[in-house]
Amino acid sequence: MPARHILKTSAILLAAAACAASGSDTQSAPEGMTITRFAGNPLITFASSPGLDECAPKYRTDYPDCPSINGPSVIRVPEWIENPLGRYYMYFANHVGDYIRLAYADSPQGPWMVHEPGTLRLDQVRDLFWDHIASPDVHVDEQRQRILMYFHAPLAGSESQKTAAAVSGDGIQFTPASAVLGRYYFRVFEWRGRFLAIAKLDNTRWGELYEADSPLGPFSSVGPFIRDMRHAAVYRCKDRLYVFYTRVGDAPERILATVVELNTNPESWLAGPPATVLAPEREYEGVRQPVRRSQAGGSYAPEHALRDPYVFEDDGRLYLYYAIAGEQGIAGAKLEIPQAMQCTNRH
Numbered sequence: 006m007p008a009r010h011i012l013k014t015s016a017i018l019l020a021a022a023a024c025a026a027s028g029s030d031t032q033s034a035p036e037g038m039t040i041t042r043f044a045g046n047p048l049i050t051f052a053s054s055p056g057l058d059e060c061a062p063k064y065r066t067d068y069p070d071c072p073s074i075n076g077p078s079v080i081r082v083p084e085w086i087e088n089p090l091g092r093y094y095m096y097f098a099n100h101v102g103d104y105i106r107l108a109y110a111d112s113p114q115g116p117w118m119v120h121e122p123g124t125l126r127l128d129q130v131r132d133l134f135w136d137h138i139a140s141p142d143v144h145v146d147e148q149r150q151r152i153l154m155y156f157h158a159p160l161a162g163s164e165s166q167k168t169a170a171a172v173s174g175d176g177i178q179f180t181p182a183s184a185v186l187g188r189y190y191f192r193v194f195e196w197r198g199r200f201l202a203i204a205k206l207d208n209t210r211w212g213e214l215y216e217a218d219s220p221l222g223p224f225s226s227v228g229p230f231i232r233d234m235r236h237a238a239v240y241r242c243k244d245r246l247y248v249f250y251t252r253v254g255d256a257p258e259r260i261l262a263t264v265v266e267l268n269t270n271p272e273s274w275l276a277g278p279p280a281t282v283l284a285p286e287r288e289y290e291g292v293r294q295p296v297r298r299s300q301a302g303g304s305y306a307p308e309h310a311l312r313d314p315y316v317f318e319d320d321g322r323l324y325l326y327y328a329i330a331g332e333q334g335i336a337g338a339k340l341e342i343p344q345a346m347q348c349t350n351r352h
């Protein structure tokens, strides 16, 4: 591993702050961030739809306890989509499912209704992939009037998991649109006319940074970025990037945040010390389950753990969505970042 990446990560790990569980719906986090859980949590559970406990065919016989709910990604439905199901779409997955799930609502806080047929299906991408499809990262491309979805699946005949993209004109019917773009768990953001992505560097206990000139790639690897990252979420305010993520091996697994000051050389980007944003405190978050070190891979029974953060901006407000009790559902919270008011226009 290059020395610059070792030095970078050593700096990240020098200090890690944790906020104590307060027992309230509001927690303080880095740089004065405030997290306020939605009163209507949880937003999505297995009770939301009878189809949410279905796994890919490969797992139904050998792994009867495979259902999971994870990986939320939320958009506001653009005005150019006619007759939408609701004002907001939430895309999510089963860790070993064969299609990307979809829920819709008229408010970011719900109530959320599940669209039973879902969206992109594994059968649509079998020329490249097999086994399962998950980890949607969905973006509205206003210029081209399309919805862009990044997703991951194992390469055909392999256990190597990779990311590709699909596009849609209505946010429901997607068409595969790219070759393999990189490793899995892509979170993409735009900066100075370029497209950056954070992914999971296999099971090396590292994240990985990518860059591209186009949202459909090709993406090239910049190098390892943020140690022990599972899923990440990003929010960019000008030349400052807020990264929210969880770590395999934490006890309990919880949502952390760090700040990256962006400059013209992505290889030099350095994440600041992480601090806890949100830890399990509610029954729906698994707080009654025993505290254990989290493991890599799926979660198919309730855990004392949070996973899969996603940050959504809408009308100058920020929201944080996340998987609960391991991968037993999805909840949400209001997110306040005082230093980002210049970007959200919340003065």
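Residue numbers (the numbering used here): 6 to 352.
Note that CB positions come from ideal geometry on N, CA and C, so glycine has one too.
Computed from a predicted structure; not experimentally measured.
- Boundaries of the beta strand (DSSP E) harbouring H144: 139-146, taken from the DSSP string.
- Considering only F200, E87, P159, the residue with the shortest C-alpha distance to V101 is P159.
- The alpha-carbon separation between Q148 and E216 amounts to approximately 20 Å.
- Beta-bridge annotation (DSSP): C242 is paired with R245.
- Annotated three-state conformation of S273 is helix, per DSSP.
- Secondary structure note for N75: its beta strand (DSSP E) is the uninterrupted segment 75-81.
- In this structure, the beta-carbon distance from S299 to A310 falls below 8 Å.
- S163 counts as exposed, since fewer than 16 other C-beta atoms from the protein chains shown sit within 10 angstroms of its C-beta.
- In the three-state reduction of the DSSP assignment, M154 falls in the strand class.
- Y305 has its alpha-carbon roughly 21 Å from the corresponding atom of L127.
- Between the C-alpha atoms of L201 and V316 there is a straight-line separation of about 16 Å.
- Counted as a single uninterrupted DSSP element, the beta strand (DSSP E) harbouring Y215 occupies residues 211-217.
- Using a Cβ-Cβ distance cut-off of 8 Å, the stretch 134-154 and the stretch 180-199 are in contact, since at least three pairs of beta carbons, one from each stretch, lie closer than that value.
- By alpha-carbon distance to V172, the top candidate from V145, V185, S78, R197 is V145.
- Residue nearest to E266 within the set V282, V253, Y247, E258 is Y247 (criterion: CA-CA distance).
- Just measuring C-alpha positions, the residue of M118, G331, T168 sitting nearest Y289 is G331.
- Of the other Cβ atoms in all chains shown, fewer than 16 fall within 10 Å of the Cβ of Q150; this residue is therefore exposed.
- Here DSSP, grouped into helix, strand and coil, assigns G321 to coil.
- In the structure shown, F43 falls within a coil segment according to DSSP collapsed to helix, strand and coil.
- The secondary-structure analysis by DSSP pairs W196 across a beta bridge with R199.
- Looking from the CA of L133, the closest CA among R106, V185, P278, D320 belongs to V185.
- Residues A170, A182, S183 of the same chain have their beta carbon placed closer than 7 Å to that of L221, with the five preceding and five following residues left out of the count.
- Where G334 is concerned, the enclosing beta strand (DSSP E) starts and stops at 334-341.
- Each of T281, L206, V193, A262 was checked against the Cα of D218, and the nearest Cα belongs to V193.
- Taking all protein chains shown into account, W85 has fewer than 16 neighbouring C-beta atoms within 10 Å of its C-beta and is therefore exposed.
- Between the stretch 44-59 and the stretch 334-344, the count of Cβ pairs shorter than 8 Å is three or higher; the stretches touch.
- For Y93, the closest C-alpha among the options D103, R81, E87 is that of R81.
- It is roughly 21 Å from the alpha-carbon of S54 to the alpha-carbon of G291.
- Residue state for G331 is assigned as coil, using DSSP reduced to three classes.
- Spanning the alpha carbons of Y250 and A301 requires a straight line of approximately 14 Å.
- Taking C-alpha positions only, F156 is separated from Y96 by approximately 11 Å.
- Distances from the alpha-carbon of D255 to those of P72, C242, A237, D233 put D233 closest.
- The Cβ atoms of I342 and M38 lie closer than 8 Å to each other.
- Contact check for A110 against W135 fails: the beta carbons are separated by 8 Å or more.
- In the displayed model, G228 falls within a strand according to three-state DSSP.
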